[in-house]
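Notes follow the structure.
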Amino acid sequence: MTIHIKTAEDISKMRVAGKLAADVLEMIGPHVQPGVSTGELDRICHKYIVEVQQAVPAPLNYNGFPKSICTSINHVICHGIPSDGKILKSGDILNIDITVIKDGFHGDTSKMFCVGEVPSHAQRLIKVTQECLYKAIDIVRPGITLGDIGHVIQQHGEANNYSIVREYCGHGIGRIFHEEPQVLHFGRPGTGMRIVEGMTFTIEPMLNAGSRYTKLSKKDGWTVTTKDRRLSAQWEHTMVVSNAGCEVLTRRSDETL
Ligand code: MF3
Ligand code: CO
Ligand code: CO
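If you're matching positions, the sequence shown starts at 14 in my numbering and goes up one per residue.
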């Protein structure tokens with residue numbers, strides 16, 4: 014098990030990669046409208062990452078993934094594949110997950126978008142999921158454990174009568190897209206690895222309106238949906254552990270953190 018503790022120089026590069034990933038989410042926001050396809054959103058992001066940012070979209074060809082971003086609509090939990098046939102309609106909720114590589118380092122972040130008018134129950138799922146991420150970020154500092162992070166997320170999600178997806182988790186990140194440790198979104202306080210300064214990882218809770226169980230598409234081998242086809246939401250940030258807390262590397266301008 015190798016945890017890559019980042020040097021000051023590495024962290025400077027992670028800061029750049031994180032900012033670029035956040036910028037893509039800000040750039041794409043106005044394009045998320047009823048009638049647009051997720052294939053079109055993918056093309057816009059791809060062009061922006063490659064031509065404007067002079068960076069690399071990490072998902073493209075990652076373990077065979079065919080597109081540059083992940084787009085997960087409604088009951089799709091994560092890893093949705095953009096397609097020209099998937100047209101957004103009013104009432105949809107959409108997660109866009111962006112990972113860029115710049116100067117050898119990754120920045121990984123996702124957010125939820127509401128398409129047109131979205132029912133209040135869906136808005137509430139989105140809000141509670143974001144609160145789970147923020148509550149977790151709030152406690153990150155040297156000396157806490159991975160179980161502390163998981164516990165905060167599980168506690169808040171379940172207190173709101175949602176379930177937490179267990180098959181997919183946050184992860185160490187740096188020169189490698191998914192490195193150790195695994196950051197589970199459930200757990201018990203004081204258990205698991207202790208966090209130290211210089212670690213970089215994501216937290217990316219997925220909450221379901223119904224049961225926690227997931228289904229992986231046999232057709233495309235990527236798309237993960239809720240087994241009961243009820244809604245799911247996810248938010249993700251990349252962070253670095255500092256001396257007394259953490260710095261969110263993928264913070265957007267609409268966030269205080
Ligand atoms: N960005 C996703 C994550 O948060 C991973 C996507 S892998 C892909 O870890 F191949 F589906 F793009
Ligand atoms: Co991630
Ligand atoms: Co991601």
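We put the CB at the ideal spot given by N, CA and C, even for glycine. From a predicted model like this one, the values you see are computed outputs, not experimental measurements.
Asked	Found
Any non-hydrogen atom of ligand 2 within 8 Å of H17 CB	no
Beta-carbon contacts of G117 that lie in its chain and below 6 Å, excluding the five residues immediately before and after	R188
Alpha-carbon spacing of I94 relative to G163, whole angstroms	27 Å
Straight-line gap, N174 to T251 (C-alpha atoms, nearest Å)	27 Å
Whole-angstrom C-beta distance between E193 and G185, which should lie under 8 Å	5 Å
Three-state secondary structure (DSSP) of P43	helix
Any heavy atom of ligand 2 nearer than 6 Å to the CB - residues listed	D121, H184, T215, E217, E249
Boundaries of the beta strand (DSSP E) in which C91 is found, first to last residue	89-91
From T204, P132, S176, residue whose alpha carbon lies closest to that of S224	S176
Three-state secondary structure (DSSP) of M219	strand
Proximity test, F190 beta-carbon vs ligand 1 heavy atom, cut-off 8 Å	yes
Nearest residue (CA-CA) to I100, options N87, A135, S50, H134	S50
Beta-carbon contacts of V128 that lie in its chain and below 8 Å, excluding the five residues immediately before and after	V45, Q46, P47, L101, K102, S103, G104, D105, I106, L107
Whole-number beta carbon distance between L262 and R28, since they are thought to touch under 8 Å	6 Å
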